[in-house]
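Heads up: the structure comes next, in structure tokens.
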Amino acid sequence: MSQSIAPRRAYVNARLLDPAQGLDEIGSLLTEGDRIVACGAHIEVPTDAETLDCTGLALLPGLVDMQVFTGEPGEEHRETIASVSHAAAAGGVTSMAMMPNTSPVIDDAALVDYILRRARATSIVRLHPMAAITKNCEGQQMTEFGLLQEAGALGFTDGDRAVMNALTMRRALSYAANFDALIMQHAMDQDLQSAGVVHESELATRLGLAGIPVAAETAIIDRDLRLVENTGARYHIAQISAADSVDAIRAAKARGLNVSCSVSATHLMLNENDVANYRTFAKLNPPLRSETDRLALIDGIADGTIDVVVSGHNPQDAEAKRQTFAKSAYGTVGVETLLASVLTLHHADELDLLPLLATITSQPAALLGIEAGSLTAGNKADFALVDLEAPWVVNADRLRSKSQNSAIEGRKVQGVVEACYVSGKCVFDLGE
Amino acid sequence: MDSTLIKPVFPHRDLLGIEGLSVSDITSLLDYSDAYVEHNRQGDKKKSSLRGRTQINLFFESSTRTQSSFELAGKRLGADVMNMSVAASAVNKGETLLDTAVTLNAMNPDLLVVRHADSGAVALLAQKVSCAVLNAGDGAHEHPTQALLDGLTIRRRLGRLEGLRVAICGDISHSRVARSNLLLLNRMGAHVHLIGPRTLMPAGAEHLGAKVFTSMREGLEGCDIVMMLRVQHERMSGAFIPSVREYYHLYGLDREKLAYAKSGALVMHPGPMNRGVEIDSGIADDPDISLIRDQVEMGVAVRMAVLEALAANLDKDVGGEA
Chain B
-18 MSQSIAPRRA
-8 YVNARLLDPA
2 QGLDEIGSLL
12 TEGDRIVACG
22 AHIEVPTDAE
32 TLDCTGLALL
42 PGLVDMQVFT
52 GEPGEEHRET
62 IASVSHAAAA
72 GGVTSMAMMP
82 NTSPVIDDAA
92 LVDYILRRAR
102 ATSIVRLHPM
112 AAITKNCEGQ
122 QMTEFGLLQE
132 AGALGFTDGD
142 RAVMNALTMR
152 RALSYAANFD
162 ALIMQHAMDQ
172 DLQSAGVVHE
182 SELATRLGLA
192 GIPVAAETAI
202 IDRDLRLVEN
212 TGARYHIAQI
222 SAADSVDAIR
232 AAKARGLNVS
242 CSVSATHLML
252 NENDVANYRT
262 FAKLNPPLRS
272 ETDRLALIDG
282 IADGTIDVVV
292 SGHNPQDAEA
302 KRQTFAKSAY
312 GTVGVETLLA
322 SVLTLHHADE
332 LDLLPLLATI
342 TSQPAALLGI
352 EAGSLTAGNK
362 ADFALVDLEA
372 PWVVNADRLR
382 SKSQNSAIEG
392 RKVQGVVEAC
402 YVSGKCVFDL
412 GE
Chain A
60 MDSTLIKPVF
70 PHRDLLGIEG
80 LSVSDITSLL
90 DYSDAYVEHN
100 RQGDKKKSSL
110 RGRTQINLFF
120 ESSTRTQSSF
130 ELAGKRLGAD
140 VMNMSVAASA
150 VNKGETLLDT
160 AVTLNAMNPD
170 LLVVRHADSG
180 AVALLAQKVS
190 CAVLNAGDGA
200 HEHPTQALLD
210 GLTIRRRLGR
220 LEGLRVAICG
230 DISHSRVARS
240 NLLLLNRMGA
250 HVHLIGPRTL
260 MPAGAEHLGA
270 KVFTSMREGL
280 EGCDIVMMLR
290 VQHERMSGAF
300 IPSVREYYHL
310 YGLDREKLAY
320 AKSGALVMHP
330 GPMNRGVEID
340 SGIADDPDIS
350 LIRDQVEMGV
360 AVRMAVLEAL
370 AANLDKDVGG
380 EA
């Protein structure tokens, strides 16, 4: 198709925020068809371009959420690919890495292909499947990394389960290194977790709930870091929760290991006290830990130890949460509130805006190896228009996910997505 | 019983734990229970203060003594008592908990006595029903009437709780009895020693207002009361402690270990006992030392007092849970 036919649009007078280019200035974004052609303070806006005045709004790259669970296939009543994509668009998220913990587990090239076809047919944002490290996420037999990667799997993870066997993990890391594939570990030693459901602490004791020690997380991290040293694989720890983990990863990075990690936005906002009164919506895996841990996670973001903030979006139906604490399901929805959570941290904890935004745009994009998370000319025109300051209260009933299990229900947050674009096409408009 | 006795002032709709109770709440319940002890020793034990009231004992976890104690208490006060035992195996992932609550609520009970294997289950249920709820034990969380009856037993024998030194020994980690007793004894000004192996001591125990010991010799020193806890058999096959004989050797209460406590120290056990595991038979059955029989007797009195206190609030608009 010739360039002259593709419609040109100019988004003018916006506060352009692009961590990848270190950009924070008032200016314009020019798109042509599905691509960004120019971005900056002094770009020329062609006279034939359709112009949208964005005064008062920030224009950011579409967010990249590196950890999203869905219910499709298998548990569509919790979430479908279509419903999670609408929630994502409303939250300014234009690319998602989907976890393989579905029914069946995404552990076969044909299933990766199926997810991609379903995403093309029903998702309004980009959805990238990650495949399981082991068959059925059982921690025993390695999946076909080569075939899965060719089919489109962005990386490998057993999602919400740790690869417990050290030998299996060592082989997976070695084999993944063949393909320069990313291995994402859920750092939770199941033996040490045992019957634990909350952070092991005085509060857990008062509530009579079995605790999960910090060592359940650090034991896996420490073990894996040794294995990474041996194998040279690209290793990522999903959702760390404790100060000790931040320290371990900081030290590993200082040693020059190719490791990265993420934290969930919920773990940055809440702490163990949020499970008081047996509030099952705050039952997460890893668990919400102490305030000291939460502050260490924020420090980890500030000094670059933590690379990525994820939503960890994990939709659970009402019945799964209307149980006693021990029996209720883990997880919180979050893809729609990821940006607001991060912006609220910026406003409250004074984390610098651009580095913070990098954790939900350019940094996850780089780890996943996708062309996303930046306003660089030539990139797909995936971006969001955001009122950075606007306050609102999280009301789970109004979230677009099929499940309403939000751990931050009732919380005051700041930052409203006014519109979201994928390939230059508006996929969410608050005004509509 | 003297009908002019002042009823307890108990400003709570439910009794979910000791946690929310004040010194005056506890004192008032103990004073009222005291009167029922005497009443229960009479020939005619029947009262009519709960006549017309329906009491349901909903036990998701099997129990003999607690359930029969609540049943007897309700019946002596003239309530219509129904026992519902929901076998743990039949409980479909706790889903039935709220379903059962809604169903029972539709039958308009006045008093619901609940035991469940999960911590917080009774509080969850209390949110869904409009009657008064009594916690008869939820997981490893609380067992408030046990703590009240233990408090009453001690107070009747030694005349006070304040200033006493009480040792709670054994599986602190999994024990709701330990938690409720610790809360009550602390609130009433007693000094609590928690004694047990590290594997059965919960995280942060030392911050709960008690001194923590791993040795019986050190922990029992100066104690007026030695409260032994039941150790579940499944925890003694190498998971938490290596064997029964090692546990008995280190923590089983025999006369030798009891000698570490204050001279004349008294022994308690919430039952059912594992003789020869956590307690020596000779001690358990020695009426000069053991308060175990008294505990059972106090149990009925305490439950009568609590049932009546809560029933008295039923027609009033009483605020908080406890």
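Going down the list, the protein sequences come from chains B and A. Going by the numbering used here, the first residue of the first sequence is number -18, and it counts up by one from there. Going by the numbering used here, the first residue of the second sequence is number 60, and it counts up by one from there. Just so you know, even glycine gets a beta-carbon here, dropped at the ideal spot from N, CA and C. Only a predicted model underlies this, so the values are computations on that prediction, with no experimental measurement involved.
Confirm, please, whether the CB-CB distance from Ala365 (chain B) to Gly43 (chain B) is below 8 angstroms.
At the C-beta level, Gly43 (chain B) and Ala365 (chain B) come within 8 angstroms of one another.
Flag Gly153 (chain A) as yes if its beta-carbon sits less than 8 angstroms from any beta-carbon of chain B, otherwise no.
For Gly153 (chain A), the predicted model reports a pLDDT of 49, less than 50, meaning its position is unreliable; a value from the coordinates is still stated below. A Cβ of chain B is located within less than 8 angstroms of the beta carbon of Gly153 (chain A).
Boundaries of the alpha helix (DSSP H) in which Asn240 (chain A) is found, first to last residue:
Here the alpha helix (DSSP H) through Asn240 (chain A) covers 235 to 246.
Quick one: is Asp209 (chain A) near chain B, going by C-beta distance under 8 angstroms?
With 8 angstroms as the cut-off, Asp209 (chain A) does not count as an interface residue toward chain B.
Under 9 angstroms Cβ-Cβ, which residues of chain A neighbour Ala307 (chain B)?
For a Cβ distance threshold of 9 angstroms, residue set Gly153, Ala176, Asp177, Ser178, Gly179, Ala180, Gly198 of chain A lies close to Ala307 (chain B), ordered along the chain.
Evaluate the contact criterion for the segment 173 to 190 of chain B versus the segment 265 to 277 of chain A: three or more CB pairs, one atom per stretch, below 8 angstroms.
Result yes; three or more Cβ-Cβ pairs closer than 8 angstroms.
What's the call for Gly153 (chain A), buried or exposed, on a 16-neighbour Cβ count within 10 Å?
In this prediction, Gly153 (chain A) scores a pLDDT of 49, lower than 50, which makes its location untrustworthy; no coordinate-derived value is stated.
With burial defined as no fewer than 16 other Cβ atoms inside 10 Å of the residue's Cβ, what is the status of Leu38 (chain B): buried or exposed?
The residue is buried, with at least 16 neighbouring Cβ atoms inside 10 Å.
Pull up the CB-CB distance for Ser66 (chain B) and Ile96 (chain B), whole angstroms please, since I reckon it's below 8 angstroms.
About 12 angstroms; that fails the 8 angstroms criterion.
Among B:Asp228, B:Thr247, B:Glu253, which residue has its Cα nearest to the Cα of Ser241 (chain B)?
When C-alpha distances from Ser241 (chain B) are compared across B:Asp228, B:Thr247, B:Glu253, the shortest belongs to B:Asp228.
Of the choices A:Leu242, A:Tyr306, A:Gly76, A:Pro168, whose alpha-carbon is the least far from that of Leu109 (chain A)?
Distance check between Leu109 (chain A) and each of A:Leu242, A:Tyr306, A:Gly76, A:Pro168 places A:Pro168 closest, using alpha-carbon atoms only.
Counting only beta-carbon separations shorter than 8 angstroms, does Pro67 (chain A) have a partner in chain B?
No - not a single Cβ of chain B is within 8 angstroms of the one on Pro67 (chain A).
Short of 7 angstroms in beta carbon distance, which residues of its chain neighbour Leu92 (chain B), apart from the five on each side in sequence? Order them along the chain.
For Leu92 (chain B), where only same-chain residues beyond five positions count, the Cβ hits under 7 angstroms are Pro85.
Backbone secondary structure at Lys375 (chain A) - three-state DSSP:
Three-state DSSP puts Lys375 (chain A) in coil, outside helix and strand.
Can the beta-carbon of Ile201 (chain B) be found less than 8 angstroms from the beta-carbon of Gly177 (chain B)?
No; because the gap between Cβ atoms is not below 8 angstroms, this pair is not in contact.
Is it the case that the segment 101 to 115 of chain A contacts the segment 229 to 248 of chain A, given that we only count it when at least three CB pairs across the two stretches are under 8 angstroms?
Too few Cβ pairs lie closer than 8 angstroms, so no.
Using 8 angstroms as the threshold, is the segment 346 to 353 of chain B in touch with the segment 16 to 32 of chain B, meaning 3 or more CB pairs across them?
Short answer: they don't touch.
Expressed to the nearest angstrom, what Euclidean distance is found between the alpha-carbon atoms of Asn376 (chain B) and Val291 (chain B)?
If I take the Cα positions, the gap works out to 20 angstroms.
The alpha helix (DSSP H) spanning Phe299 (chain A) covers which residue range?
Element bounds for Phe299 (chain A): n/a, residue is neither H nor E.
Closer than 7 angstroms at the beta carbon, the chain B residues around Pro8 (chain A):
Outside the modelled stretch of chain A, which goes from 60 to 381, sits residue 8 (chain A), for which no answer is possible.
Going straight from the alpha carbon of Leu279 (chain A) to that of Ala237 (chain A), what length do you get?
Approximately 16 angstroms, taken between the alpha carbons.
Ends of the alpha helix (DSSP H) at Gln174 (chain B)?
For Gln174 (chain B), the uninterrupted alpha helix (DSSP H) segment begins and ends at 171 to 174.
Going by beta-carbon coordinates alone, are Phe50 (chain B) and Gly133 (chain B) separated by less than 8 angstroms?
It is not a contact, given that the beta carbons lie outside the stated cut-off.
8 angstroms is my cut-off, CB to CB: does Tyr414 (chain B) come that close to chain A?
An answer regarding residue 414 (chain B) cannot be provided, because it is not within the stretch -18 to 413 covered by chain B.
Cα-Cα separation between Leu238 (chain B) and Arg204 (chain B), rounded to whole angstroms:
The straight-line gap from Cα to Cα measures roughly 14 angstroms.
By the DSSP assignment, the beta strand (DSSP E) with Asn211 (chain B) in it spans what residues?
Careful: Asn211 (chain B) lies outside any beta strand (DSSP E), inside the alpha helix (DSSP H) at 196 to 212.
For the segment -14 to 47 of chain B, list the beta strand (DSSP E) runs that are entirely contained and at least 3 residues long, ordered along the chain.
Under the rule that a run must span 3 or more residues, the beta strand (DSSP E) segments found entirely inside the segment -14 to 47 of chain B read -11 to -1, 4 to 13, 16 to 21, 31 to 34, 39 to 42.
Got a sec: is the Cβ-Cβ distance from Glu469 (chain B) to anything in chain A below 8 angstroms?
There is simply no residue 469 (chain B) to check, as chain B begins at -18 and stops at 413 in what is shown.
Rounded separation between Asp378 (chain B) and Ser384 (chain B) - CA only
Taking the straight line joining both Cα atoms gives about 9 angstroms.
Using a threshold of 8 angstroms, state whether the C-beta atoms of Leu74 (chain A) and Pro203 (chain A) are closer than that.
Going by C-beta atoms, Leu74 (chain A) is nearer than 8 angstroms to Pro203 (chain A).
From the DSSP secondary-structure annotation, give me the bridge partner or partners of Arg215 (chain B).
In the DSSP secondary-structure assignment, Arg215 (chain B) is bridged to B:Leu163.
Give every residue of the same chain whose Cβ lies closer than 7 angstroms to the Cβ of Glu352 (chain B), excluding the five residues on either side of it in the sequence, and list them in chain order.
Setting aside the 5 residues that flank it on each side, Glu352 (chain B) is surrounded in the same chain by Asn360, Lys361, each with a C-beta closer than 7 angstroms to its C-beta; the list follows chain order.
The beta strand (DSSP E) enclosing Asn116 (chain A), as first and last residue numbers
That run of the beta strand (DSSP E) goes 113 to 118.
Under a CB-based cut-off of 8 angstroms, is His266 (chain A) close to chain B?
Yes - at least one Cβ of chain B is within 8 angstroms of the one on His266 (chain A).
Burial state of Val161 (chain A), where buried means 16 or more other Cβ atoms lie within 10 Å
With fewer than 16 other Cβ atoms within 10 Å, it is exposed.
Amino acids of chain B, ordered along the chain, whose beta-carbon sits closer than 7 angstroms to that of Leu183 (chain A)
For Leu183 (chain A), the chain B residues whose C-beta falls within less than 7 angstroms of its own C-beta are Tyr259, Thr305, listed in chain order.
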